[in-house]
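Heads up, the thing below is written out as structure tokens.
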Amino acid sequence: MGFFEPAAQVSQIPKLIELGITSFKFFMCYSRIGRICDDYQLLRAFDIIAQAGGLGMVHAENGLATDYLEDKFNAEGRDPAEVFEATRPGILEGEAVNRAICLAQVSGCPIYIPHVSAKEAVEVIAQAKARGWRVYGETCPQYLTLTGEEIFRQGPLAKIGPPLRGKEDQEALWRGLTQGVLDVIASDHAPKEKKKTDDFFQAAYG
Numbered sequence: 176m177g178f179f180e181p182a183a184q185v186s187q188i189p190k191l192i193e194l195g196i197t198s199f200k201f202f203m204c205y206s207r208i209g210r211i212c213d214d215y216q217l218l219r220a221f222d223i224i225a226q227a228g229g230l231g232m233v234h235a236e237n238g239l240a241t242d243y244l245e246d247k248f249n250a251e252g253r254d255p256a257e258v259f260e261a262t263r264p265g266i267l268e269g270e271a272v273n274r275a276i277c278l279a280q281v282s283g284c285p286i287y288i289p290h291v292s293a294k295e296a297v298e299v300i301a302q303a304k305a306r307g308w309r310v311y312g313e314t315c316p317q318y319l320t321l322t323g324e325e326i327f328r329q330g331p332l333a334k335i336g337p338p339l340r341g342k343e344d345q346e347a348l349w350r351g352l353t354q355g356v357l358d359v360i361a362s363d364h365a366p367k368e369k370k371k372t373d374d375f376f377q378a379a380y381g
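To convert, take the position in the sequence shown, counting from 1, and add 175; that gives this note's numbering.
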């Protein structure tokens, strides 16, 4: 279950667990469509989930930093295809994954990190697992088989979050799977109606 208004909805978690729902997803990004969950609400949610015996799931990207980078490159008139990955760099994915895992650890809440795309995120998850923390990592077929070059061919049709990255990241994902750092391959299927001619930064993710 995803929570898009955590301040209003977090208190519903215990009742939802009673109804059989055991995992809850939060977003550290997408402030412009009202999905971002700040550290206060995330830690509050982890406390409740841990007490109720559930699992936290976090889309981990530093949303405010990526908003700034998007605004910066837009103001410079840069080609969206050339700068899209730079608006959501792997180092910021790694930072957000680390922050989410640390907040979950403070609460004693197990955490699931979906759609890992960056080598920095793989490294953070590996370190957490080495400490014995309850962390689960997931990646997706698109990250394992495609690279950021797809944006130049497909335009907005290849716009996903986190973005498609380079070969080095792809190799890190495969190593993460073979070494047990990443536990799951999932589709992250989120179909949207899009066209190649859509404005890139206004086009939907998915």
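Glycine is no exception: its CB is placed at the ideal position from the N, C-alpha and C atoms. Since this is a predicted model, take the numbers as computed values, not measurements.
Extent of the continuous beta strand (DSSP E) to which residue i belongs
| i | result |
| --- | --- |
| Y243 | Counting along the chain, Y243 falls outside any beta strand (DSSP E), though it belongs to the alpha helix (DSSP H) covering G238 to A250. |
| T262 | Premise fails: T262 lies in the alpha helix (DSSP H), P255 to T262, not in any beta strand (DSSP E). |
Candidates the options, of which the one nearest residue i by Cα
| i | options | result |
| --- | --- | --- |
| S186 | P338, S206 and Q226 | Q226 |
| Q345 | H290, A240, N249 and P189 | H290 |
| W308 | K200, A275 and N249 | A275 |
| K247 | Q280, V233, R263 and L218 | R263 |
| D358 | L339, H364, Y311 and M232 | Y311 |
| E148 | S198, L352, E325 and G252 | Look at the range of the chain in this structure, 176 to 381, and you will see that residue 148 is not part of it. |
| M232 | G252, E245, P331 and M203 | M203 |
| Q184 | G195, D363 and I224 | I224 |
Residue i, buried or exposed, once every other Cβ within 10 Å from all chains shown has been counted against 16
| i | result |
| --- | --- |
| E239 | What sits at residue 239 in the sequence shown is Leu, not Glu. Classification of L239: exposed, given that the 10 Å Cβ count is below 16. |
| I266 | exposed |
| V356 | buried |
| F327 | exposed |
| Y243 | exposed |
Bridge-paired residues (DSSP) for residue i
| i | result |
| --- | --- |
| I360 | T314 |
| M232 | K200 and Y287 |
| I211 | F202 |
Alpha carbon of residue i to alpha carbon of residue j, nearest angstrom
| i | j | result |
| --- | --- | --- |
| K371 | K190 | 43 Å |
| L230 | I288 | 11 Å |
| N273 | A296 | 8 Å |
| A305 | R350 | 16 Å |
| P285 | C277 | 11 Å |
| Y205 | I211 | 5 Å |
| F375 | E193 | 42 Å |
| P338 | N249 | 17 Å |
Limits of the unbroken alpha helix (DSSP H) element including residue i
| i | result |
| --- | --- |
| I276 | G265 to S282 |
| Q329 | E325 to Q329 |
| L348 | K342 to T353 |
| A296 | K294 to A305 |
| P189 | I188 to E193 |
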